[in-house]
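Residue numbers (our numbering): 842 to 1177.
Everything below concerns the one structure shown next.
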């Protein structure tokens, strides 16, 4: 049932007189020109701001374990915008907090400490995930570890190998038209895989099921299994040479399948060029190589541009705990 003009949720102004009807009821005019009740700090509020508004501009409706209350802007539970999507004046989180996937300011929890599996109040530091423990949940690493590579050569699969045909609904929802055969037995999360299917969005899935065009976390991705992601993000094709290429180098028992994402762009930064690669090695290790990345070089800004692996349901993902950059090389090997 629609609220009456001047009542909570009703219109602020009369259609005929143009006067503020909220004042007569002790209310104030809030979002969408609807009357709302003012709520002081510490009292329950409406997160949608349709029926209540916090008393001062320094307060916001923030999430708490007991329910939403009016609290300080930028504190845990307050609404925020991811830095890569921020407009001038957009809410930011206080120092030491991060803006989570649900657009709420969250505390960052180090490895080994208790965490909130729903990510309503905190999130694990990058490179770890919130997993079930004997008592509640704790932040932990997955079954793969990341190692920095020294002087790693970037292999140009587009020059040495073949360009893979693409298929998809648009230039930013695209994967290769068919999976790429792995010419050697490749062990991943304890099982042998024989094919890999790359997505334009900076990742690939092992197997013969096409990728679902994921663009960001949180981890583990709900719609994907068996993922290797040098740079998960929302990517599009760039210039005429853009695409995905593959080649095989080396000889048994030290062969490598190299897949290169060539001249791609971030959808939110179309001027930024990206060139990076994934190498699957016959010994079961993987390399992520970054030849050219026009990113901010800041983990907060580059949220969503994740380097990680994810196995079958019920297994833990493993993510790189920092921002990637041009010239970086990462090797992933199974945890001892």
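We put the beta carbon where it would ideally sit given N, CA and C, even for glycine.
Closest by C-alpha distance to residue 1121, when choosing among 1106, 919, 1100: One-based indexing of the chain shown puts residue 1121 at position 280. It is 1100 whose Cα lies nearest to the Cα of residue 1121.
Validate contact between the segment 944-960 and the segment 914-921 using beta carbons, cut 8 Å, 3 pairs: A contact exists between the segment 944-960 and the segment 914-921.
C-beta contact flag for residue 984 and residue 1126 at 8 Å: Working through the chain shown from its first residue, we reach residue 984 at position 143. Working through the chain shown from its first residue, we reach residue 1126 at position 285. No, Cβ-Cβ distance for residue 984 and residue 1126 is not below 8 Å.
Touching by the beta-carbon criterion (3+ pairs, under 8 Å), the segment 1044-1062 and the segment 990-1002: Segment contact: the segment 1044-1062 against the segment 990-1002, fewer than three CB-CB distances shorter than 8 Å; contact not assigned.
DSSP three-state assignment for residue 1001, whether helix, strand or coil: Looking up residue 1001 in the chain shown gives position 160. In the three-state DSSP reduction, residue 1001 falls in the helix class (H, G or I).
Integer Cβ distance of residue 1030 from residue 1162, believed to fall under 8 Å: Along the chain shown, one-based indexing puts residue 1030 at 189. Along the chain shown, one-based indexing puts residue 1162 at 321. With a Cβ gap of about 20 Å, residue 1030 and residue 1162 do not count as contacting.
Cβ pair count under 8 Å reaching 3, the segment 869-889 against the segment 845-854: Verdict: yes, contact present.
C-alpha gap between residue 883 and residue 895, whole angstroms: Locating residue 883 in the chain shown gives position 42, counting from the first residue. Locating residue 895 in the chain shown gives position 54, counting from the first residue. Roughly 10 Å between the two C-alpha positions.
Contact check, residue 955 vs residue 978, beta carbons under 8 Å: Here residue 955 refers to the residue found at position 114 when the chain shown is read from its first residue. Here residue 978 refers to the residue found at position 137 when the chain shown is read from its first residue. Yes, Cβ-Cβ distance for residue 955 and residue 978 is below 8 Å.
Candidates 1167, 1050, 1175: closest to residue 1135 by CA position: Position 294 of the chain shown, counting from 1, holds the residue named residue 1135. Shortest Cα-Cα distance from residue 1135 to any of 1167, 1050, 1175 involves 1167.
C-alpha gap between residue 897 and residue 935, whole angstroms: In the chain shown, the residue the question calls residue 897 occupies position 56. In the chain shown, the residue the question calls residue 935 occupies position 94. If I take the Cα positions, the gap works out to 18 Å.
Burial state of residue 974 (16 or more Cβ within 10 Å): Along the chain shown, read from residue 1 onward, the residue named residue 974 stands at position 133. Residue 974 should be labelled exposed.
Close beta carbons around residue 893, own chain, < 7 Å, minus the five adjacent residues each side: Mapped onto the chain shown, residue 893 falls at position 52. Here the set comprises 877, 878, 880, 886, 887.
Terminal residues of the beta strand (DSSP E) in which residue 1026 lies: Against the chain shown, residue 1026 aligns to sequence position 185. Unbroken beta strand (DSSP E) run through residue 1026: 1021-1029.
Cβ distance (whole Å) where residue 1133 is taken to contact residue 1114 below 8 Å: Walking along the chain shown from the start, residue 1133 turns up at place 292. Walking along the chain shown from the start, residue 1114 turns up at place 273. For residue 1133 against residue 1114, the beta-carbon gap comes to about 6 Å, under 8 Å, which counts as contact.
Residue 1046 burial status per 10 Å Cβ neighbour count (16 or more: buried): Taking the chain shown and counting its residues from 1, one reaches residue 1046 at position 205. The C-beta of residue 1046 has 16 or more other C-beta atoms within 10 Å across all chains shown, which makes the residue buried.
Proximity to residue 1040 [Cα-Cα], best of 1022, 1072, 1032: Here residue 1040 is taken as the residue at index 199 of the chain shown, counted from 1. Ranked by how close their Cα comes to the Cα of residue 1040, the residues 1022, 1072, 1032 have 1072 in first place.
Residues near residue 1255 by beta carbon distance below 6 Å, same chain, minus five either side: With the chain covering 842 to 1177 only, the question about residue 1255 has no answer from this structure.
Euclidean distance between Cα positions of residue 963 and residue 1175: Taking the chain shown and counting its residues from 1, one reaches residue 963 at position 122. Taking the chain shown and counting its residues from 1, one reaches residue 1175 at position 334. Taken atom to atom, the span from the alpha-carbon of residue 963 to that of residue 1175 is near 28 Å.
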